[in-house]
Each structure stands twice: as structure tokens, then as C-alpha cells.
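Residue numbers (the working numbering): 2 to 449. Heads up: the structure comes next, in C-alpha cells.
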Ligand SMILES: [Zn+2]
């Protein structure tokens with residue numbers, strides 16, 4: 002692979018610490034890795050990328066998403082509902098999905114993430130109607146070129162058994178575990194530079210059995226892969242846990258093996274002090290999804306308290322049925338604003354919010370050894386932000402991107418390969434995919 006020299010960036014936010022900044026430095030990329038940082042580096046035959054007027058950051062990391070939901074944005078009937086009502090409206094629509102819907106919505110969602118500076122994303126796919134498979138989204142990530150952590154989700158307790166989803170959308174638990182093994186064997190790569198790592202991810206305590214939660218944890222540890230689910234998302238979720246299991250969500254997770262550095266939970270809006278201590282003690286990660294929490298009226302996650310206690314926190318856009326955007330840079334700004342609503346203007350700095358969105362996410366996904374920083378030896382996942390545009394004009398601190406900065410990247414590199422250049426999405430003709438997306442959405446709406 003040709004060498005690339007990113008030359009003359011005004012500022013490089015290395016994320017060695019949230020505040021760490023280098024000025025006027027060049028960055029050399031070779032064989033998918035960052036090999037050198039310094040001033041006035043020799044091009045030496047490398048392709049030179051002029052980064053004057055730009056800020057360079059590590060690529061943003063998205064720790065929670067449901068890419069398939071990109072086809073069900075702003076669905077009437079689900080626009081103003083709380084979590085459980087929202088789910089009941091959308092389940093029958095999702096039941097009509099198949100492989101094409103999964104693939105095209107993932108292409109769209111991944112492109113949107115890339116344009117917003119994201120180089121690595123997780124995905125939580127927990128329903129598999131009409132022949133859909135995790136493979137459909139893995140193929141999409143390969144086409145876009147983002148680093149991908151798909152998780153094999155599942156639902157097994159349908160309405161007739163006291164769960165929330167319709168019976169048509171739930172799977173047999175033995176078949177779920179079998180398919181988990183299949184996708185881990187097919188796609189998971191333990192290599193430090195891996196482009197794909199698979200996780201195991203029963204959807205939520207209110208849609209699978211206690212036994213499946215326990216068996217999934219045993220299987221994940223046997224296979225050496227990570228565990229992911231939704232936890233303590235809102236008051237209804239906690240009430241369900243108390244009524245069905247006789248304990249709070251944190252206790253339920255601990256009892257079934259769902260704590261540890263190989264586990265991360267989405268939302269955790271309602272964790273109490275004891276649960277925050279548990280997560281900190283066990284290094285259990287959290288995917289903080291501020292826009293989705295606002296959209297569904299779930300509340301404000303206690304991120305300040307989590308961070309102070311030492312809980313690993315990353316950022317997630319969550320699915321586009323509950324955001325309804327998939328812009329990770331905008332999500333980072335929202336995380337900053339929401340902590341300030343909750344705790345005052347000094348609750349979180351722009352630098353800390355960007356740290357959570359980059360290095361924080363890489364650590365939550367178990368990739369902090371070679372991702373989430375701009376430093377020699379780290380993988381070449383970088384976002385270049387042009388700070389000469391209208392959004393930053395007049396800023397006294399252009400590197401404070403989350404206060405006054407572009408919400409789209411100028412350039413994006415993943416494993417040293419350009420995914421976005423000069424604002425243009427390179428992997429495929431995006432307008433053609435968006436047209437496919439519109440066609441599929443119209444077809445879904447017409448069958449209701
Ligand atoms: Zn979610």
C-alpha cells in the first residue's frame with residue numbers, strides 16, 4: 002500500500018489525554034498504520050495530503066447502533082412514543098424486512114457515519130426475519146470500508162410468553178446459539194488490526210430468557226468475544242426487571258455473568274450509585290446514546306458520575322428509528338450539552354466529550370491497544386476536519402470542534418485507506434444506494 006503523508010495540520014488532537022494537542026505536524030501512514038509524527042517530514046515518494054487549515058483527530062468510534070433501522074426513520078406512530086410503545090409500533094414493520102432491507106439500510110447508515118467522522122462502528126442486529134442474516138451487514142461494512150464490530154443479537158421471549166416482541170420475530174434459543182457460533186467462526190478476527198470483530202448480544206432482558214443471557218455469556222467467554230445488550234434504558238425497563246426478576250438491572254447482569262471488561266451495555270440511563278460502582282469495579286463498559294435517550298424521553302445518563310467512578314464510557318448514535326440521525330459528531334456535541342443540562346457548564350469539556358467519542362469508544366470495544374489515538378504504532382484511522390468553513394469562522398479555538406466545528410469530515414482514513422476525500426464519499430455511488438433505500442422504504446410502507 003502506498004505511503005501517505007498528511008502534511009501541515011493546524012492541530013492534531015492525539016487523545017493521549019483529552020487536552021493533548023500538537024501543532025503544525027505531519028503524519029506518515031504506511032501499511033495501514035501511523036508510523037511517524039513530526040514537523041517538516043520528507044515526502045519521500047508518499048502521496049501528500051495537504052491538511053493546512055484542518056484539525057486531525059482519531060476516527061470517531063460508534064459503540065451502539067442498529068443499522069437496519071435506517072429504513073424506518075420518523076415513522077408516524079412511533080414519533081412520540083416511549084420505549085415500549087415505540088417498539089410495539091415498529092416490530093410489525095421490521096418483521097417485513099429481509100436480506101435486501103438489511104444490506105441497503107446498513108450501506109446507508111455506514112455511509113452517514115463515515116461522513117460524520119466515524120471509522121469504527123458496532124452494530125446490534127437482533128431480528129432475522131425472512132432469511133436475513135448478520136452476513137448482510139458484514140458485507141455492507143466491507144463495501145464501505147469501516148472497521149466493524151457486528152453483534153449477533155437475538156429475541157426469544159415473544160408476546161405469548163410475557164415478552165414484548167411479537168412471536169413472529171423471536172427465535173428458538175438453541176438456533177440462536179448455533180448461529181452465534183457460526184458467525185463468530187465465519188467473521189471474528191482476533192488480530193490487533195482486525196477489520197471485523199463479532200460480539201454476542203441478546204437484545205435486552207425484556208426480550209430473552211435468563212437462560213439465554215447466561216448461556217450467551219458462557220459462549221462468548223469460550224470463544225473469546227465480547228458481550229453486548231441494552232440495560233437500564235428507562236424507568237419502564239427498570240420496573241420490568243424488578244417485577245420479573247426481583248432485582249435491579251445491575252444485579253441481574255452481575256448474576257448472569259454480564260459484567261467485566263469484555264462486556265458493554267447500551268444506555269444505562271438509570272444506573273444507580275451501587276450499579277455505577279459495580280461497573281467501575283468490573284470495568285464493564287457503557288455505550289452512551291444521548292440523542293436516542295432524548296428522543297425517547299428516557300432521561301439523562303449519569304455520565305459524569307460514571308466517568309468519575311472509572312466506568313469505561315463510549316458513544317453511540319443508537320438506531321435511526323430512535324435518533325433519527327446517524328451523525329456521530331453531532332452525537333458527541335449532544336453528550337457534552339446533556340451533561341451540562343444535568344450538572345452545570347463545567348460538567349464536561351469539549352475535549353473530554355471528543356475523548357469519549359474516540360479513545361473512550363475504542364477502549365469500550367476492546368480496541369484501545371491500537372485504536373483511538375494518533376500515535377506511532379496505532380492503526381491509521383483518522384478524521385480530517387476542515388476548520389475554514391462557515392461553522393468555524395470566528396472561532397478563537399478551532400480545535401474545540403464540538404463547540405464550533407463542521408459536523409462532516411473533509412477526509413476519512415480507515416486502515417490507511419481513504420473512505421471520504423474532499424467531502425466526497427468514495428466507496429460507491431451513494432445517490433444510487435439512497436434511491437434503492439427510498440424504493441425499499443416505499444415498498445415497506447405500502448404493505449402496511
Ligand atoms: Zn439500541
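We put the beta carbon where it would ideally sit given N, CA and C, even for glycine.
When rounded, the separation of the alpha-carbon atoms in residue 354 and residue 163 is 39 Å. The Cβ neighbour count for residue 55, taken over all protein chains shown within 10 Å, is at least 16; the residue is labelled buried.
Within the chosen limit of 7 Å, ligand 1 does not reach the beta carbon of residue 200 with any heavy atom.
Non-local C-beta neighbours of residue 409 in its own chain, meaning closer than 7 Å and more than five positions away in sequence, comprise 116, 117 and 424, ordered along the chain. CA-CA distance, residue 360 to residue 336, rounds to 15 Å. Counting every other CB atom within 10 Å of its CB across the protein chains shown gives residue 40 a total below 16, marking it as exposed. Here residue 14 is bridged, per DSSP, to 22. Listed in chain order, the beta strand (DSSP E) elements of length 3 or more contained wholly in the region 353-397 are 383-387. Taking C-beta separations shorter than 6 Å and ignoring five residues to either side along the sequence, the partners of residue 363 in its chain run 62, 369, 372 and 373, following chain order. Residue 250 and residue 151 have their C-alpha atoms roughly 24 Å apart. In chain order, 228 and 285 place their CB closer than 6 Å to the CB of residue 264, counting only its own chain and leaving out the 5 sequence neighbours on each side. Scanning 219, 254, 210 and 262 for the CA closest to the CA of residue 182 turns up 219.
For the set 357, 438, 447 and 444, the Cα lying nearest the Cα of residue 110 is the one of 438. Ranked by Cα distance from residue 314, the first of 325, 302 and 320 is 302.
In this structure, the CA atom of residue 383 is about 21 Å from the CA atom of residue 46. Counting only residues of its own chain and dropping the five nearest sequence neighbours on each side, residue 334 has a CB closer than 6 Å to the CB of 403.
Annotation: residue 427 is outside any beta strand (DSSP E) and is labelled neither H nor E by DSSP. Taking the C-beta atoms as reference points, residue 317 is found no nearer than 8 Å to residue 104. Per DSSP, residue 323 lies in no beta strand (DSSP E) segment and is marked neither H nor E. Within its own chain, the residues whose Cβ lies closer than 7 Å to the Cβ of residue 311, once the five positions on either side in sequence are excluded, are 281, listed in chain order. Under the three-state reduction of DSSP output, residue 105 falls in the helix class.
Check the Cα spacing between residue 415 and each of 31, 19, 107 and 22: the tightest is with 31. Between residue 155 and residue 379, the alpha-carbon positions lie close to 34 Å from each other. Between residue 269 and residue 121, the alpha-carbon positions lie close to 22 Å from each other.
Residue 98 carries a coil assignment under DSSP once its states are collapsed to helix, strand and coil.
Your pair residue 243 and residue 260 does not check out as a contact, with CB atoms roughly 19 Å apart and the cut at 8 Å. One thing to note: residue 72 has its Cβ no nearer than 8 Å to the Cβ of residue 434. The three-state secondary structure of residue 87, taken from DSSP, is helix.
Under the criterion of beta carbons closer than 8 Å, residue 8 and residue 51 qualify as touching, at roughly 6 Å. Every alpha helix (DSSP H) of 4 residues or more that sits fully in the region 244-289 is shown, in chain order, as 250-256 and 274-283. At the C-beta level, residue 207 and residue 238 come within 8 Å of one another. Bounds of the alpha helix (DSSP H) holding residue 184 are 174-188.
Just so you know, the alpha carbons of residue 292 and residue 44 end up roughly 42 Å apart.
Taking the Cα positions, residue 225 is about 15 Å away from residue 178. Distances taken from the Cβ of residue 125 to the heavy atoms of ligand 1 include one shorter than 7 Å. According to DSSP, residue 123 shares a beta bridge with 150.
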